[in-house]
Structures are given as structure tokens and as C-alpha cells.
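In this note's numbering, the protein residues as written are 342 to 546.
In what follows, a single structure is set out as C-alpha cells and then discussed.
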């Protein structure tokens with residue numbers, strides 16, 4: 342099914358890219374991370390459409406003190422490196438079976454943390470890499486997407502990865518917390534539901 346294919350594609354890309362961006366190779370990957378944390382992200386403005394040339398912001402804040410999903414205990418992860426994640430960017434095109442890569446349909450701006458494109462990793466046309474900024478209270482991300490083309494788009498926030506200097510790696514399940522992710526755009530265009538808590542759809546007019 343198309344849904345299964347999408348899940349498989351995004352899972353493979355996310356795992357490969359997070360190993361590259363979030364954690365040194367000798368620290369392993371999200372598959373064997375010592376800690377498992379949950380975090381949220383938000384898109385704003387939270388409307389279902391923005392004007393051509395306006396900015397859509399992605400923000401996320403992760404405190405040092407977190408609950409480990411494996412042990413259910415509180416962990417102070419203040420010695421972690423900058424958290425790396427991935428943002429999938431695709432256009433929803435009527436008549437296509439899958440979202441179409443759309444990194445080049447936007448300009449990008451950084452307020453806290455980084456958003457960048459590494460051509461050496463899989464699928465650079467459909468994914469941007471994210472790096473959280475470490476501050477005195479935790480890790481923060483605030484980046485903007487400025488559309489260069491009108492259309493309907495879907496963004497996918499993938500899981501994050503980080504490590505300490507002692508190779509104590511941590512994975513982060515980063516979900517989208519917006520009350521409305523405008524999933525009807527996805528269904529109306531592709532004819533299938535937008536599953537999970539990592540996607541966000543919007544229209545550029």
C-alpha cells in the first residue's frame with residue numbers, strides 16, 4: 342500500500358540521516374540509544390494557509406530534565422551534544438501517488454539552531470537537517486520556511502538524536518503539538534490519511 346511505502350521510506354531516511362547529524366558514529370544510533378525521551382514541536386502561524394513570501398516558523402524547546410521512556414526515571418541531560426533532527430519537506434500534487442520533494446520550493450531562516458541541507462546524505466531534495474541550539478536551560482530550535490512557490494505542502498518532523506562526550510546517546514520522539522495539522526489537505530490530494538503525530542500540512546496562496 343502507499344501508506345506502508347511512505348512509512349518505510351521515511352523510517353529509512355530518518356534513521357540514516359539522524360546517525361549522520363545527531364551522533365558520532367562510534368556512539369551508535371537511535372536503535373541502541375541509552376535514553377529515550379519525548380519532545381514536542383510547533384508550527385506557527387497555526388493557520389491552514391499562508392501568503393506567498395510569508396514565513397512559517399518551526400519551534401521546539403527541550404529542557405535538560407527529562408523522563409526516560411525506558412526506565413521512567415528523571416534524567417538530567419545537560420551534558421548532551423546539540424540535538425540533531427530532520428524535517429521532511431514535500432509538495433502535495435493532485436494526480437501523484439506520493440508527496441513530491443520540495444526543499445527547493447522554500448528559502449530558510451535561522452533564529453535559534455540551524456536548518457541546512459547536506460547533499461552527501463540520502464534524499465537531500467526532500468529533507469532538511471535540523472540542529473538544536475544549547476542554552477542555559479535546555480535545547481531550542483526556531484527556524485523559518487519562506488515559500489517561493491504557491492501550492493499545498495506537507496512537513497514531517499522526524500525523531501532526534503544526541504550524545505554526550507561519554508557516548509551516552511539519547512533518542513527524541515519529536516511530535517507536532519499543533520491542535521490542527523490540516524490533514525484534510527493530505528487526504529484531499531492523495532486520497533489517503535495522514536497518519537502519526539509528526540506531519541503538518543498547509544497551503545501557500
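Glycine is no exception: its CB is placed at the ideal position from the N, C-alpha and C atoms.
Just so you know, these numbers come straight off a predicted model, no measurement behind them.
Where does residue i sit, in a helix, a strand or coil, going by DSSP?
i: residue 496; result: strand
i: residue 444; result: helix
i: residue 449; result: strand
i: residue 514; result: strand
When the Cα of residue i is compared with those of the options, which residue comes out closest?
i: residue 527; options: 515, 451, 544, 457; result: 544
i: residue 420; options: 402, 497, 536, 508; result: 508
i: residue 530; options: 446, 414, 493; result: 493
i: residue 502; options: 495, 418, 511; result: 511
i: residue 551; options: 468, 475, 521; result: One cannot answer for residue 551 here, as it falls past the ends of the chain, which runs 342 to 546.
i: residue 464; options: 410, 442, 409; result: 442
i: residue 404; options: 435, 378, 410; result: 378
My guess is that residue i and residue j are in contact by the Cβ rule of under 8 angstroms, so how many angstroms apart are they, rounded?
i: residue 388; j: residue 487; result: Actually they are not in contact, since the Cβ atoms of residue 388 and residue 487 sit about 16 angstroms apart, beyond 8 angstroms.
i: residue 383; j: residue 518; result: 5 angstroms
i: residue 500; j: residue 426; result: 7 angstroms
i: residue 483; j: residue 398; result: 6 angstroms
The beta strand (DSSP E) that contains residue i, what's its start and end?
i: residue 417; result: 415-417
i: residue 457; result: 455-457
i: residue 508; result: It is not in any beta strand (DSSP E) - residue 508 carries neither H nor E in the DSSP assignment.
I'd like to confirm the pairing. Which residues does DSSP put opposite residue i in its beta bridges?
i: residue 404; result: 479
i: residue 396; result: According to DSSP, which records beta bridges pairwise, residue 396 is partnered with nothing at all.
i: residue 432; result: 441, 494
Following the continuous alpha helix (DSSP H) through residue i, name the residue where it begins and the one where it ends.
i: residue 528; result: 525-531
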